[in-house]
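Visitor: Structure in structure tokens, see below.
There are 2 protein chains.
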Amino acid sequence: MNGIGETRQLDTATRILDAAEALFVEHGFEATSMRMITQRAEVNLAAVNYHFGSKDALFQGVFTRRLTPLTQLAVQNLDRLEAAAQGEPVSVERIMRAFMDAALDIAHDPKRGGVIFVRLLSRTFIEAHPVLRESLPRHYEELVARYAKATAKALPELDAIELQWRLNFAFSAIFNAFAGNNILRLFVIDPVVNARDPRLIATYLVPFVVAGLTAPVTAKGAGSSF
Amino acid sequence: MNGIGETRQLDTATRILDAAEALFVEHGFEATSMRMITQRAEVNLAAVNYHFGSKDALFQGVFTRRLTPLTQLAVQNLDRLEAAAQGEPVSVERIMRAFMDAALDIAHDPKRGGVIFVRLLSRTFIEAHPVLRESLPRHYEELVARYAKATAKALPELDAIELQWRLNFAFSAIFNAFAGNNILRLFVIDPVVNARDPRLIATYLVPFVVAGLTAPVTAKGAGSSF
DNA sequence: GATTCAATCAAACGGTTGTTTGAAACATAC
DNA sequence: GTATGTTTCAAACAACCGTTTGATTGAATC
Chain V
272 MNGIGETRQL
282 DTATRILDAA
292 EALFVEHGFE
302 ATSMRMITQR
312 AEVNLAAVNY
322 HFGSKDALFQ
332 GVFTRRLTPL
342 TQLAVQNLDR
352 LEAAAQGEPV
362 SVERIMRAFM
372 DAALDIAHDP
382 KRGGVIFVRL
392 LSRTFIEAHP
402 VLRESLPRHY
412 EELVARYAKA
422 TAKALPELDA
432 IELQWRLNFA
442 FSAIFNAFAG
452 NNILRLFVID
462 PVVNARDPRL
472 IATYLVPFVV
482 AGLTAPVTAK
492 GAGSSF
Chain D
272 MNGIGETRQL
282 DTATRILDAA
292 EALFVEHGFE
302 ATSMRMITQR
312 AEVNLAAVNY
322 HFGSKDALFQ
332 GVFTRRLTPL
342 TQLAVQNLDR
352 LEAAAQGEPV
362 SVERIMRAFM
372 DAALDIAHDP
382 KRGGVIFVRL
392 LSRTFIEAHP
402 VLRESLPRHY
412 EELVARYAKA
422 TAKALPELDA
432 IELQWRLNFA
442 FSAIFNAFAG
452 NNILRLFVID
462 PVVNARDPRL
472 IATYLVPFVV
482 AGLTAPVTAK
492 GAGSSF
């Protein structure tokens, strides 16, 4: 940050991260080449390897830059709820809203990645790139443990297995929606729903996942009759 | 088909389709090379281009081979339900079961692709390859129209927009589960749930999506307060 | 002003990609 | 047996991939 202010060129590494972030969400990791990234960032081809070491490391770099603020926010939101609940279980709806509010905050703040990063993050969870298989869990350990525990407390009638299934389904829907993957668009010719505003998405998303999570317990052996 | 029967070598084109199907679901489309496919199929490298024209065309060929049986089955299941209902709305649970039963039937029949194809299909819906953007909707037009109409009839209190959102969420969860994408595995160190048996998945999946779809109508303007 | 070190650059690296070629092998029909 | 059309094959194609090199630049340090 200097006196010239906003007209000053950004750091080379930052320009690379910005370009890569946008291209990864647009084309995916494999389909995004180093030359596409450096061309968009207006830096030399060798700059990526110089600053980050490799394309894989750049991919991780794109995440580590944004992840901490998001996880902090999500945990903070949950902290506040649990403090207010004073030991009583927090409702599933409040828990889900706490998580999505963190994502919405990020989505509305370009400095922390904005909607681009929320989409990239969601997409990455769904597509599960091997590159991040090791690095991501470390960042998320606390976040997930906290939310899983809060959800378990709110849904004591569910055993651990069914709870994990339902969380899996719920986050599938959440991440898919935030990733901008309108699945219906794939086979419906003219979909009515096309919005990419995360806030609008969340409006419809919360009732759905809350209802799904709080559904009656699945009868034991219901599906084993074959 | 000749007298030698099962020991006879399969058709070259079929061997290519089988190999590609398995490799696409394992590594994805971009990360699967022609040489991987032809090596696994034990055919010459040029055979793919000779029989299919291009890698993209092969990708489409993998789907067109399996898609018709699946859609027929899914529509048939719905036909049966609607005939039995005699004009009355079919319940959301029955509709969802009709769809998943079709997928389960395919998953248990290796001749129609088995669990491999169900996983590939689900994965493809989620990742949305540009190659299939044009070809897939044609195959699915009738299927989706029928299921959307049946769901709308079962949920008259939902307007078209909210219905489409919820179907989007529901199918996100369904396809993600069938694709074998255990999202929790990405950030939970030691997930309890790891099963890939589609029947077991469906057992937990149905109550979740039914509850989500039949949730109370979202209050108008609930999320627009910003 | 000379030295030092990080940053940038054009160019090339070896390797892989999907695709094409033209000859060889094969089966079928006359 | 010859001709015809289809399928297979090894080899090569140009294009692109991520990465490395070695020279050059620029600013800071002594």
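The listed protein sequences derive, respectively, from chains V and D. For the first sequence, the positions run 272 to 497 when the numbering used here is used. For the second sequence, the positions run 272 to 497 when the numbering used here is used. Where a beta carbon is used, it is the ideal one built from N, C-alpha and C, also for glycine. Bear in mind that the values here come from a model prediction, so they are computed numbers and not experimental data.
Do you know how far the Cα of A482 (chain V) is from the Cα of I308 (chain D)?
Guide: Stepping through the second sequence from its first residue, residue 308 (chain D) is reached at position 37. Stepping through the first sequence from its first residue, residue 482 (chain V) is reached at position 211. About 44 Å.
Visitor: Within 10 angstroms of the Cβ of P478 (chain V), are there 16 or more other Cβ atoms? Answer buried if so, exposed if not.
Guide: Counting from one through the first sequence, the residue named residue 478 (chain V) turns up at place 207. Result: buried.
Visitor: Would you say R437 (chain V) reaches chain D, if we count a Cβ-Cβ gap shorter than 8 Å as a contact?
Guide: Taking the first sequence and counting its residues from 1, the one referred to as residue 437 (chain V) is at position 166. Closer than 8 Å: yes.
Visitor: Going by C-alpha to C-alpha distance, which of D:L281, D:T285, D:E301 and D:A473 sits closest to T395 (chain D)?
Guide: Within the second sequence, numbered from 1, the residue matching residue 395 (chain D) stands at position 124. Closest by alpha carbon: D:E301.
Visitor: Under a three-way DSSP split, which group does T489 (chain V) fall into?
Guide: Sequence index remark: in the first sequence, residue 489 (chain V) carries index 218 (1-based). Three-state DSSP puts T489 (chain V) in coil, outside helix and strand.
Visitor: Can you name the start and end residues of the alpha helix (DSSP H) that E297 (chain D) belongs to?
Guide: Taking the first residue of the second sequence as position 1, residue 297 (chain D) is located at position 26. Unbroken alpha helix (DSSP H) run through E297 (chain D): T283 to H298.
Visitor: Taking the continuous alpha helix (DSSP H) assigned at S443 (chain D), which residues delimit it?
Guide: Indexing the second sequence from 1 puts residue 443 (chain D) at position 172. It spans A431 to F449 - the alpha helix (DSSP H) in which S443 (chain D) sits, taken as one unbroken run.
Visitor: Step through the CB atoms of chain D and report whether any lies within less than 8 Å of the CB of G249 (chain V).
Guide: It is not possible to answer for residue 249 (chain V), since the shown part of chain V is limited to 272 through 497.
Visitor: Considering only C-alpha positions, which residue in the set V:K420, V:L288, V:F446 and V:L281 is nearest to R337 (chain V)?
Guide: In the first sequence, counting from the first residue as 1, residue 337 (chain V) sits at position 66. The option with the nearest alpha carbon to R337 (chain V) is V:L288.
Visitor: P478 (chain V) touches chain D at which residues, Cβ-Cβ below 7 Å?
Guide: Translated into positions along the first sequence, residue 478 (chain V) becomes position 207. Here the neighbours are A486, P487 and T489.
Visitor: Of all the options D:R417, D:A444, D:N452 and D:L476, which has the alpha carbon lying nearest to the alpha carbon of Q343 (chain D)?
Guide: In the second sequence, residue 343 (chain D) corresponds to position 72, counting from 1. Cα-wise, what sits closest to Q343 (chain D) is D:R417.
Visitor: Hey, how far is the Cα of G332 (chain D) from the Cα of A293 (chain D)?
Guide: Stepping through the second sequence from its first residue, residue 332 (chain D) is reached at position 61. Stepping through the second sequence from its first residue, residue 293 (chain D) is reached at position 22. Taking the straight line from one Cα to the other gives about 14 Å.
Visitor: For Y321 (chain D), which residues in the same chain have their Cβ closer than 7 Å to its Cβ, ignoring the five residues on either side in sequence?
Guide: One-based indexing of the second sequence puts residue 321 (chain D) at position 50. The answer is none, since no qualifying residue turns up.
Visitor: Using a C-beta cutoff of 8 Å, does S406 (chain D) count as contacting chain V?
Guide: Locating residue 406 (chain D) in the second sequence gives position 135, where the first residue counts as 1. By this cut-off, S406 (chain D) is not an interface position.
Visitor: When you compare the CB of E364 (chain D) with every CB in chain V, is at least one pair closer than 8 Å?
Guide: For the purposes of this step, residue 364 (chain D) is taken as residue 93 along the second sequence, with counting starting at 1. Answer no: the Cβ-Cβ gap between E364 (chain D) and chain V never drops below 8 Å.
Visitor: For the pair the segment 347-366 of chain D and the segment 397-412 of chain D, tell me if three or more CB-CB distances fall below 8 Å.
Guide: No, because fewer than three Cβ pairs between the segment 347-366 of chain D and the segment 397-412 of chain D fall closer than 8 Å, the two stretches do not touch.
Visitor: Along the segment 299-329 of chain V, where does the CB come closer than 7 Å to a CB of chain D? Name the residues.
Guide: So the close ones are E301 and A302.
Visitor: L352 (chain D): which of D:T422, D:N439, D:L281 and D:T339 sits nearest, CA to CA?
Guide: Numbered from 1 along the second sequence, position 81 holds the residue referred to as residue 352 (chain D). The option with the nearest alpha carbon to L352 (chain D) is D:T422.
Visitor: Could you check where the alpha helix (DSSP H) with G332 (chain V) kicks off and where it finishes?
Guide: Counted from its first residue, the first sequence places residue 332 (chain V) at position 61. Taken as a continuous stretch (DSSP letters only), the alpha helix (DSSP H) holding G332 (chain V) covers K326 to A356.
Visitor: Please name the residue in D:R404, D:T339, D:A448 and D:H298 whose C-alpha comes closest to that of I377 (chain D).
Guide: For the purposes of this step, residue 377 (chain D) is taken as residue 106 along the second sequence, with counting starting at 1. Ranking D:R404, D:T339, D:A448 and D:H298 by Cα distance to I377 (chain D) puts D:T339 first.
Visitor: Tell me whether the beta-carbon of L426 (chain D) lies closer than 8 Å to the beta-carbon of T485 (chain D).
Guide: Counted from its first residue, the second sequence places residue 426 (chain D) at position 155. Counted from its first residue, the second sequence places residue 485 (chain D) at position 214. In this structure, T485 (chain D) lies closer than 8 Å to L426 (chain D) by Cβ.
Visitor: Under a Cβ-count criterion, where at least 16 other Cβ atoms within 10 Å of its own Cβ denotes burial, should R390 (chain V) be classed as buried or exposed?
Guide: Working through the first sequence from its first residue, we reach residue 390 (chain V) at position 119. Buried.
Visitor: If you run the structure through DSSP and keep just helix, strand and coil, what is P478 (chain D)?
Guide: One-based indexing of the second sequence puts residue 478 (chain D) at position 207. Correct three-state label for P478 (chain D): helix.
Visitor: At the level of alpha carbons, what is the spacing between G276 (chain D) and A318 (chain D)?
Guide: By 1-based counting over the second sequence, the position of residue 276 (chain D) is 5. By 1-based counting over the second sequence, the position of residue 318 (chain D) is 47. Legend: pLDDT at G276 (chain D) = 31, less than 50; position of this residue unreliable, value from coordinates given subsequently. Looking at the two C-alpha atoms, the distance is approximately 24 Å.
Visitor: Taking only beta carbons into account, state which residues of the segment 383-398 of chain D come closer than 8 Å to chain V, listed in chain order.
Guide: Of all residues in the segment 383-398 of chain D, F396, I397 and E398 have a Cβ within less than 8 Å of some Cβ in chain V.
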